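Residue numbers (this note's numbering): 2 to 581. Cβ atoms here follow ideal geometry from the backbone N, Cα and C, with glycine treated the same way. Quick caveat, the model's predicted, so the values are computed rather than measured.
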């Protein structure tokens, strides 16, 4: 497998381990005080590290839209890299001429440790989607291969983000972005597929009134030839048929007769057609396997996203190049369920939260989101958008919704009269929801009916909640525990550093017991204003029996014989507290 090298790589491969662990300080909550949704303002590298104690291995889907590194962006991500050559390099101004190597190196140094932490946060059956364009696509894929593994590559999706050429371009007008997708463990990732379209469902019918429901005929022959699957079949009409040259039946003779007995073979309405196999809609995979080209007609385009964001903010243009909520809804829908956790650490305008809220409203789900945004607009744009989407926002104008659509296939054209009747029935059924419903019309190679809602005061909200956080104090300062922090925060840090499992605050009979993990009891004998000593007096206070004990204290006076006898491991505060 090719390995990508760049100036500064050696300094960032393990840089995520050196990032200080900080607290998350809640500033306020919108909606329920028990909200599990988070919007975090702060450097996303530090924020991802701060999320580890609670969320390592729990995130089902990550979507990120990092800077594309076009040379026209003013992105600033301080990675605190200590290497002298990297410090010198980070201090240089990134220009637009003659220094492509420097610009790409800087981007890779920024991305690598963030991807390492995102990998840790992903659940074993989780997936990550990353938007990118041609500036860094090939380099991003190479570092993802290194971090996630070649075997876990799922797809490189092409999103049609634009629908019209920009004629000012000298050579080509780019109309697409990429979305690179990897699994944490491809053997555990489950793709839900896309919902079946009306067109796909219409391919099924039930001409023989089979009690198992609608079905479609599938070819009963296959190539190349397998000798024991070449035989004569006598049709109900009496005609005898064999497979054409170079082909054989899909089923051997005994299996074919079993299918006939189970009414799974179709000989046509008059019993004189070459046999086909009945494929029942109820028995096929319910989701359609997604393809890797996503058209703007399916998931929206950049102008749609910009228009929607302007509407949310009362006509103001507050953010450039937002992603379409429809696009993120498709991403989330493919690999999550109704209770999944979704993370976006380059949150921008907050589209990911908007998509989660839309899906929850649509299907009654309880998906949770975590957004991280380092820029000053984290509250004024990111959180404000989510707040307005939840509560509704002032809006005067019209909103259109497609309520009926059928593709103009040959079959549908021949069945046009019935399709028009179906369209009119849908329009009549939903008349009360809209101010106006269009007559059936041809658009995007489909017969469509469009409903129009008129808003003169408010756009209805999705409902939901979130809490807004800032990055707080570092837990370790100059190698010592930060005595400004409450003890419970420090206990959580120590527990996670030892067990890599979430800390559950609860009362034990012993005040210094953190909990039990893998048959080991963990004690953190810590007092902010005095030294503590592990001795026989302290040992006498432990009444809960365990196979092994790990005890933190400032000092230890226990003899080695006692340590071995009771299977005790001593760790000194703060020297032996590990980071992660």
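Between the alpha carbons of residue i and residue j, how many angstroms are there, rounded?
{"i": "residue 176", "j": "residue 165", "result": "8 Å"}
{"i": "residue 167", "j": "residue 173", "result": "8 Å"}
{"i": "residue 441", "j": "residue 400", "result": "18 Å"}
{"i": "residue 470", "j": "residue 487", "result": "17 Å"}
{"i": "residue 197", "j": "residue 289", "result": "6 Å"}
{"i": "residue 572", "j": "residue 581", "result": "17 Å"}
{"i": "residue 219", "j": "residue 203", "result": "15 Å"}
{"i": "residue 324", "j": "residue 295", "result": "14 Å"}
{"i": "residue 392", "j": "residue 537", "result": "60 Å"}
{"i": "residue 44", "j": "residue 129", "result": "20 Å"}
{"i": "residue 142", "j": "residue 181", "result": "7 Å"}
{"i": "residue 318", "j": "residue 311", "result": "5 Å"}
{"i": "residue 472", "j": "residue 454", "result": "42 Å"}
{"i": "residue 445", "j": "residue 452", "result": "17 Å"}
{"i": "residue 87", "j": "residue 11", "result": "Confidence at residue 87 is low in this model, with a pLDDT of 44, below 50, so the placement of that residue should be treated as unreliable; the coordinate-derived value is given next. Cα to Cα, residue 87 sits roughly 10 Å from residue 11."}
{"i": "residue 508", "j": "residue 497", "result": "18 Å"}
{"i": "residue 576", "j": "residue 160", "result": "50 Å"}
{"i": "residue 569", "j": "residue 554", "result": "12 Å"}
{"i": "residue 419", "j": "residue 432", "result": "20 Å"}
{"i": "residue 528", "j": "residue 484", "result": "10 Å"}
{"i": "residue 354", "j": "residue 59", "result": "18 Å"}
{"i": "residue 23", "j": "residue 478", "result": "10 Å"}
{"i": "residue 557", "j": "residue 489", "result": "23 Å"}
{"i": "residue 244", "j": "residue 272", "result": "17 Å"}
{"i": "residue 390", "j": "residue 466", "result": "10 Å"}
{"i": "residue 269", "j": "residue 209", "result": "10 Å"}
{"i": "residue 333", "j": "residue 18", "result": "29 Å"}
{"i": "residue 362", "j": "residue 338", "result": "14 Å"}
{"i": "residue 582", "j": "residue 9", "result": "Residue 582 falls outside the range modelled here, since the chain spans only 2 to 581, and no answer is possible."}
{"i": "residue 542", "j": "residue 494", "result": "24 Å"}
{"i": "residue 376", "j": "residue 464", "result": "26 Å"}
{"i": "residue 525", "j": "residue 515", "result": "7 Å"}
{"i": "residue 412", "j": "residue 335", "result": "30 Å"}
{"i": "residue 315", "j": "residue 385", "result": "12 Å"}
Using the DSSP secondary-structure output, state which residues sit across from residue i in a beta bridge.
{"i": "residue 31", "result": "467"}
{"i": "residue 154", "result": "183"}
{"i": "residue 177", "result": "161"}
{"i": "residue 62", "result": "128, 343"}
{"i": "residue 222", "result": "250"}
{"i": "residue 380", "result": "According to DSSP, residue 380 bridges with nothing at all."}
{"i": "residue 336", "result": "For residue 336, which the question treats as bridged, DSSP gives no partner whatsoever."}
{"i": "residue 356", "result": "BP columns for residue 356 are empty, so no partner."}
{"i": "residue 279", "result": "218"}
{"i": "residue 1", "result": "The first residue shown for the chain is 2 and the last is 581, placing residue 1 beyond what the model contains."}
{"i": "residue 408", "result": "447"}
{"i": "residue 266", "result": "278"}
{"i": "residue 549", "result": "521"}
{"i": "residue 395", "result": "459"}
{"i": "residue 206", "result": "216"}
With distances taken between CB atoms, is the gap from residue i to residue j smaller than 7 Å?
{"i": "residue 371", "j": "residue 344", "result": "yes"}
{"i": "residue 178", "j": "residue 106", "result": "no"}
{"i": "residue 216", "j": "residue 286", "result": "no"}
{"i": "residue 583", "j": "residue 214", "result": "Summary: the structure shown does not reach residue 583, with the chain confined to residues 2 through 581, and so no result is reported for it."}
{"i": "residue 500", "j": "residue 518", "result": "yes"}
{"i": "residue 367", "j": "residue 340", "result": "yes"}
{"i": "residue 460", "j": "residue 405", "result": "no"}
{"i": "residue 308", "j": "residue 342", "result": "no"}
{"i": "residue 163", "j": "residue 302", "result": "yes"}
{"i": "residue 521", "j": "residue 492", "result": "no"}
{"i": "residue 427", "j": "residue 439", "result": "no"}
{"i": "residue 331", "j": "residue 31", "result": "no"}
{"i": "residue 39", "j": "residue 468", "result": "yes"}
{"i": "residue 124", "j": "residue 61", "result": "yes"}
{"i": "residue 183", "j": "residue 153", "result": "yes"}
{"i": "residue 223", "j": "residue 242", "result": "no"}
{"i": "residue 293", "j": "residue 329", "result": "no"}
{"i": "residue 158", "j": "residue 65", "result": "no"}
{"i": "residue 108", "j": "residue 73", "result": "no"}
{"i": "residue 227", "j": "residue 192", "result": "no"}
{"i": "residue 607", "j": "residue 407", "result": "The question about residue 607 has no answer here: the residues shown for the chain are numbered 2 through 581."}
{"i": "residue 253", "j": "residue 229", "result": "yes"}
{"i": "residue 20", "j": "residue 113", "result": "no"}
Am I right that residue i and residue j are in contact with their C-beta atoms under 8 Å? What's the rounded C-beta distance?
{"i": "residue 49", "j": "residue 346", "result": "6 Å"}
{"i": "residue 169", "j": "residue 115", "result": "Not really, about 34 Å apart at Cβ, beyond 8 Å."}
{"i": "residue 41", "j": "residue 373", "result": "5 Å"}
Whole beta strand (DSSP E) elements within the stretch 493-545, 3-residue minimum: 514-518, 521-525
In chain order, each alpha helix (DSSP H) run of at least 4 residues that lies wholly inside the stretch 283-333: 297-300, 303-313
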